[in-house]
Amino acid sequence: MPYRLIDRTLFTTDIDTGSGDGPALCGSRCADCATVTFPFHDACPRCSRTNTQPHELPREGTLWAFTVQGFEPKSPYRSDGGPFTPYGVGYIDLGEVLVESVLTENDPQRLNNGDRYGLRLIPAFTDPDGTTVLTYAFAPLDSEGQDIR
93 MPYRLIDRTL FTTDIDTGSG DGPALCGSRC ADCATVTFPF HDACPRCSRT NTQPHELPRE
153 GTLWAFTVQG FEPKSPYRSD GGPFTPYGVG YIDLGEVLVE SVLTENDPQR LNNGDRYGLR
213 LIPAFTDPDG TTVLTYAFAP LDSEGQDIR
């Protein structure tokens, strides 16, 4: 089954890197003021200079804030059809930057600010040619760095 990333520019590498770690998110770091952003920006939002470089973001962080999206978003939201399933959305604190992300957990009773989360690739939708389009999400981790659920 073929796969592709939803937007290659969001990641440091493509799907099959051979490293076993998989792709990481690609932000930018300003060489002048050290501000880190995600996604990549050509100009720094802090100092407005254009001296930014690609910057690989950590694959793990902590849940900073969350909500559960309980209704289907308006267009241009894409899915494979079928009944809508609520999903978690949160800000993950990666130390240098907060990243807004889909969460693999959608039960508000199991979402706790401060819990560890790790980067994962999940299916977003399927293209008409059968290609599974992957996006990034963050999954809750145990103390060993393994997915909890």
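Just so you know, we're using this note's numbering here: the sequence shown kicks off at 93 and counts up by one. Built from N, CA and C at the ideal position, the CB exists for glycine as well.
For residue i, report the span of its beta strand (DSSP E) as first-last.
i, result
"Phe217", "208 to 218"
"Ala135", "Element bounds for Ala135: n/a, residue is neither H nor E."
"Val189", "It is not in any beta strand (DSSP E) - Val189 carries neither H nor E in the DSSP assignment."
"Ile184", "179 to 185"
My assumption, with CB atoms under 8 Å, is that residue i sits in contact with residue j. Please give the rounded CB distance.
i, j, result
"Phe132", "Thr101", "6 Å"
"Gly180", "Val194", "7 Å"
"Val225", "Asp219", "6 Å"
"Gly222", "Pro137", "Not really, about 39 Å apart at Cβ, beyond 8 Å."
"Phe158", "Leu203", "5 Å"
Between the Cα of residue i and the Cα atoms of the options, which residue gives the shortest distance?
i, options, result
"Glu148", "Val194, Gly114, Tyr169, Phe158", "Gly114"
"Leu117", "Thr144, Glu152, Cys139", "Glu152"
"Gly182", "Asp199, Gly174, Ser140", "Asp199"
"Phe176", "Phe163, Leu186, Pro94", "Phe163"
"Gly237", "Thr227, Asp219, Pro220, Arg208", "Arg208"
"Ala231", "Thr127, Cys136, Thr154, Gly174", "Thr154"
"Val191", "Val128, Leu97, Cys139", "Val128"
Spatial neighbours of residue i within its chain, please: C-beta separation below 7 Å, excluding the five flanking residues on both sides.
i, result
"Asp99", "none"
"Ala229", "Ser193, Val194, Leu195, Thr196, Arg212, Ile214"
"Thr105", "Pro115"
"Gln145", "Ser120, Arg121, Ala123"
Within the same chain, show all residues whose beta-carbon is closer than 6 Å to that of residue i, passing over the 5 residues directly before and after it, in chain order.
i, result
"Arg170", "Phe217"
"Asn143", "Ala123, Asp124"
Suppose only complete runs of 3+ residues qualify. What are the beta strand (DSSP E) ranges in the stretch 111 to 170, listed by chain order?
118 to 122, 144 to 148, 152 to 161
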